[in-house]
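S.K.: Read in this note's numbering, the sequence shown has 295 at position 220, and its numbers run on one by one without any break.
We treat Cβ as the ideally placed atom computed from N, Cα and C, and that holds for glycine.
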Amino acid sequence: MQPKAFLLDLDGVITDTAQYHYLAWSELCQTYGFRFSEADNERLKGVSRMRSLEIILELNGKQNTYNDAEKQQLTVEKNDRYVQMIRQMTPADILPGVSAFLKDCRQAGIRLAVASASRNAPEILRLLGIAHLFDYVADAAKIPNSKPAPDVFLVCSQALDLPPACCVGIEDALAGVQAIHAAGMPAVGIRVAPHPVHKPDIALTSTAELSLPDLLKQLQSLS
Ligand code: BG6
Ligand code: MG
Numbered sequence: 076m077q078p079k080a081f082l083l084d085l086d087g088v089i090t091d092t093a094q095y096h097y098l099a100w101s102e103l104c105q106t107y108g109f110r111f112s113e114a115d116n117e118r119l120k121g122v123s124r125m126r127s128l129e130i131i132l133e134l135n136g137k138q139n140t141y142n143d144a145e146k147q148q149l150t151v152e153k154n155d156r157y158v159q160m161i162r163q164m165t166p167a168d169i170l171p172g173v174s175a176f177l178k179d180c181r182q183a184g185i186r187l188a189v190a191s192a193s194r195n196a197p198e199i200l201r202l203l204g205i206a207h208l209f210d211y212v213a214d215a216a217k218i219p220n221s222k223p224a225p226d227v228f229l230v231c232s233q234a235l236d237l238p239p240a241c242c243v244g245i246e247d248a249l250a251g252v253q254a255i256h257a258a259g260m261p262a263v264g265i266r267v268a269p270h271p272v273h274k275p276d277i278a279l280t281s282t283a284e285l286s287l288p289d290l291l292k293q294l295q296s297l298s
């Protein structure tokens, strides 16, 4: 295939905010006496803020302990901590290889969108100084079903007025790869946790391996 657009995840693909999400959840868990390990954190990648809290509560057998208003308050507390942490981000926090890849895409006339579950995505792109490189940034608050559902990738392809088959998703989370495939698009995976069924079509070990000419070559050879 010849891609007309790349739809990029944000956390773990454009910048390494996963560490801040982990720290902010860890602090919240410490405050409330919840168990939460780095391995547990893997399950939260690509998952919405509320669903992340629900997973943590399930891990602690507390899924029926809090009502909706209390859960909402817990997600606000987590986000307040997270927002404090990301405030210091600068263009130096863009992951290796990403800036060059985005610029190469623009030069080649390939369109770009951000397909993230994060409601903080616009602010992070502004802090990184790359908001202007994207033709569209999905509004996570308006996406009906979060990854692994295909919604955010389909919304991006619709916004760009392109059929899904002309778009390629780039993800670091298993839920994200599932979402891309459910949307009918090829998936480029970056350090995606191995899974017997859900494998990216092109697997990279780092964003430093993102090269437009290489990806175009590999995408062309996909059946
Ligand atoms: C995803 C992250 O990109 O965004 C998840 O991988 C996070 O870890 C989700 O929970 C929602 O982010 P936010 O910024 O809206 O809390
Ligand atoms: Mg991610």
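So, with DSSP's three-state summary, where would you put G251?
M.R.: helix
S.K.: Considering A93, what are the terminal residues of the alpha helix (DSSP H) in which it resides?
M.R.: 93-107
S.K.: Would the beta-carbon of D86 be found less than 7 Å away from any heavy atom of ligand 2?
M.R.: yes
S.K.: Report buried or exposed for G108, applying the criterion of at least 16 other Cβ atoms within 10 angstroms of its Cβ.
M.R.: exposed
S.K.: Using only the alpha-carbon positions, how far apart do H270 and D276 sit?
M.R.: 13 Å
S.K.: At which residues does the alpha helix (DSSP H) containing L83 begin and terminate?
M.R.: It is not in any alpha helix (DSSP H) - L83 instead sits in the beta strand (DSSP E) that spans 80-83.
S.K.: What does a CB cutoff of less than 8 Å around V88 pick up in its chain, not counting 5 residues either side in sequence?
M.R.: L170, V173, I245, E246, D247, I265, T282
S.K.: Could you tell me the boundaries of the alpha helix (DSSP H) in which R181 lies?
M.R.: 173-182
S.K.: In the DSSP assignment, find the unbroken beta strand (DSSP E) run with C242 in it and report its ends.
M.R.: Run containing C242: 242-246, per the beta strand (DSSP E) assignment.
S.K.: Comparing alpha-carbon positions, which option in E113, G251, Q182 lies nearest A262?
M.R.: G251
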